[in-house]
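Read in order, the letters of the sequence shown correspond to residues 0 to 444 in numbering that gives the first Met the number 0.
So the structure is just underneath, and the comments pick up after that.
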Amino acid sequence: MGEDYMEKLYRIIDQKRGSYLDVLKEAVSIRSETGDQAETKKVISWAETKLRELGAATTSQDVGVIIVEGKKVKLPPVLIADIKSDPSKVTLLVYGHLDVRPSRGSRSNIETAEDYNLIEEDGVLFGKGVTDSKGPLLCWFNAIGAYREYGVELPINLRFVIEAMKESGSLGLLDYIHSNKDYLFKNVSYICISDSSCLCSTKPVITFGGRGCCKFMLTVEGGKVDLHSGVHGGMVSEPMNDLMSLLCSLTDNKGEIQVPNFRDNVEEVTPDEEKAYHRMSFDVSAFKRSVGVGKLLHKEDKKRLLMHSTRFPSLSIHSIDTRNSDDDAIPSKVTASFTIRIVPNQTPQEVFHKVQVYLMYLFNRTQSPNQMTIEMPVAIPPWIAKPNDGNYKSASKAMHRVYKQEPDLIREGSSIPIVSELQKVSGKSVLLLPVGCSAHSVLKN
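Structural data, given as structure tokens:
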């Protein structure tokens, strides 16, 4: 089979665009918000049916229960599917997820429902799960279907691991991987994850690393009850003031993390990395327009922006909870949520210790009568691979064939819990293959 064989496959794919969009529309319409027991189970069953139609041998694996408000809730099953071509061929494990983030904010039911309709605007597809990650999984299904329609064997064996709790931290799957590693990774040579996105560059990309994530909950607590700002303001040490002072001490006005010795273990940028970031395709002006801001940091230098979003640590403050206090009250307890994205050679434990010591030092220095506590409920390690093995070479070759140009090798700025676990437990090469763009609303990917 030569060039003609691949061209015929491409023609089949082009001819079936309409039917592919119909199936994607069907997938998007399933409101599989993470944690919704009925809908996540439904979407796994839907995917199992599709894979069986493609000739896969499938099993739905029970991954246990979680406790929600004192009650046991069964987790959606993990779908394992095998499409075997020839025992002598390489086996690629493909991971994907079918749950989506819940719709949030003060939006009407009609507006929320629109998220589950597939919309095409100027050749771009929108809808929950289009990029993250129903669409990417369906790309695999469609490719398999094209081979079957042409009547040729797949060049590799495939094993799918598909979950519907990724947006909840892959609850159930992480434990399952550890306890079933011999079964899951038997004869597997490489791992490919279709749960990534690019910043809408003009070139294809392959992801070989990602930042980890440490989520912090910082609490300052004063008296037992909320107070009235008109009556008690100026008489007490307010928890909110203490909290704001601590939060403002975490970064400078350029976003640089101010925790002492925080970057001690961050590797220096090599000359080869400098060249690689310089070559990357990234339209700063277009990106700025897409996120709706007037100015970006780092003098809007492309190379520095890319490094700070993927290679260096960053800190983001998300919210402050005042326990439903009145607008003009002095809340007795306030809790801030912030995350730090960490990079290879940093560990969540090391980062938590440095942040805790720094904030406690600052708080004690104020001699405030209030109490400060800090917790880290989420700790996702970073990951990085060597992008020069057979996994990456094959992906680069395929990208070049389709897009007629070499892909950029990039790191991912966000954090996917399952990636570092798959890499650690399996010992295999892990590669992220982005399919879509994430420059639009994160809740409508």
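Just so you know, even glycine gets a beta-carbon here, dropped at the ideal spot from N, CA and C.
Nearest-angstrom Cα separation, counted from residue j out to residue i
i: L50; j: A80; result: 7 Å
i: V515; j: E273; result: For the chain, the structure presents residues 0 to 444; residue 515 sits outside this window and is missing.
i: K78; j: V377; result: The amino acid at residue 78 is misidentified as Lys; the sequence shows Leu. For L78 and V377, the distance between alpha carbons rounds to 25 Å.
i: G144; j: L53; result: 6 Å
i: V354; j: I379; result: 16 Å
i: S105; j: R158; result: With a pLDDT of only 47 at S105, under the threshold of 50, the placement of this residue in the model should not be trusted, and no figure is reported.
i: L124; j: L117; result: 7 Å
i: K202; j: S308; result: 18 Å
i: S18; j: S28; result: 15 Å
i: G34; j: I66; result: 12 Å
i: E152; j: S84; result: 6 Å
i: S395; j: I190; result: 15 Å
i: K301; j: D388; result: 28 Å
i: T39; j: D131; result: 15 Å
i: V129; j: P135; result: 8 Å
i: D194; j: Y115; result: 19 Å
i: S414; j: R340; result: 8 Å
i: N156; j: P86; result: 8 Å
i: H231; j: M306; result: 47 Å
i: T346; j: L432; result: 25 Å
i: Q422; j: K385; result: 12 Å
i: H297; j: E113; result: 37 Å
i: C436; j: D326; result: 39 Å
i: P76; j: I192; result: 19 Å
i: S449; j: S318; result: Residue 449 is absent from the structure shown; the chain starts at 0 and stops at 444.
i: I205; j: T58; result: 30 Å
i: L8; j: Q14; result: 10 Å
i: T269; j: A275; result: 10 Å
i: S324; j: L314; result: 27 Å
i: S284; j: H399; result: 26 Å
i: E222; j: E68; result: In the sequence on display, residue 222 carries Gly and not Glu. So the alpha carbons of these two residues sit roughly 28 Å apart.
i: N141; j: I12; result: 8 Å
i: R10; j: I43; result: 30 Å
i: G291; j: E299; result: 14 Å
i: N344; j: I383; result: 10 Å
i: G95; j: T48; result: 16 Å
i: S289; j: S280; result: 16 Å
Neighbourhood of residue i by C-beta, 7 Å cutoff - its chain only, sequence neighbours within 5 removed
i: V342; result: R210, V265, R310, F311, P312, P381
i: E220; result: P238, S331, K332, N369, Q370
i: V22; result: L137
i: N363; result: none
i: K287; result: L295
i: E420; result: L173, I176
i: T321; result: P330, V333
Cβ shell of residue i (< 6 Å), same chain only, five flanking positions each side left out
i: V441; result: Annotation note: pLDDT 48 at V441 (below 50); position unreliable, coordinate value reported separately. No residues qualify anywhere along the chain.
i: M375; result: C213, F215, F351
i: H439; result: Bear in mind that the predicted position of H439 carries a pLDDT of just 47, short of 50, making it too unreliable to give a figure here.
i: I417; result: S169
i: N390; result: Y189, S428, L430
i: A56; result: D81
Own chain residues within Cβ distance below 8 Å of residue i, not counting five before or after
i: R278; result: D407
i: K180; result: V424, S425
i: I316; result: L246, L249, A335, S336, F337
i: T365; result: D241, S244
i: S36; result: The amino acid at residue 36 is misidentified as Ser; the sequence shows Gln. Cβ neighbours of Q36 beyond the five flanking positions: V72, K73, P75.
i: I256; result: L249, T250, R262, P312, S313, L314, I339
The ligand COA heavy atom lying under 8 Å from the CB of residue i
i: V224; result: Among the components of this structure there are no ligands whatsoever, and the ligand COA is therefore not found.
Cross-strand partners of residue i (DSSP beta bridge)
i: I192; result: Y94, L431
i: I161; result: L78, G95
i: S315; result: T338
i: A329; result: Reading off the sequence, residue 329 comes out as Ile, not Ala. DSSP lists L226 as partners of I329.
i: E120; result: V123
i: I205; result: L408
i: N156; result: T90
i: V72; result: I65
i: Q370; result: E220
i: D320; result: T334
i: V350; result: Its beta-bridge partners do not exist; DSSP assigns none.
i: V187; result: T90
Practice prompt. Quick one: which unbroken beta strand (DSSP E) runs of 3-plus residues sit fully inside the segment 211-292? Chain order, please.
Written response: Listed in chain order, the complete beta strand (DSSP E) runs (minimum 3 residues) inside the segment 211-292 are 211-220.
Worksheet item: Within the chosen definition, does the segment 51-67 reach the segment 170-190 through at least 3 CB pairs nearer than 8 Å?
Response: A contact exists between the segment 51-67 and the segment 170-190.
Discussion item. Could you tell me which whole alpha helix (DSSP H) segments of length 4 or greater appear in the segment 375-410?
Written reply: The segment 375-410 contains these whole alpha helix (DSSP H) runs: 389-402.
Worksheet item: Between the segment 402-412 and the segment 90-100, are three or more C-beta pairs nearer than 8 Å?
Response: They do not touch, by the three-pair rule.
Worksheet item: If we count Cβ pairs, one from each stretch, closer than 8 Å, do we get three or more for the segment 181-195 versus the segment 81-95?
Response: Cβ pair count under 8 Å is three or more, so yes.
Worksheet item: Of all the beta strand (DSSP E) runs that stay within the bounds of the segment 2-61, which reach a length of 3 or more residues?
Response: Fully contained in the segment 2-61 are the following beta strand (DSSP E) runs of length 3 or more, in chain order: 56-60.
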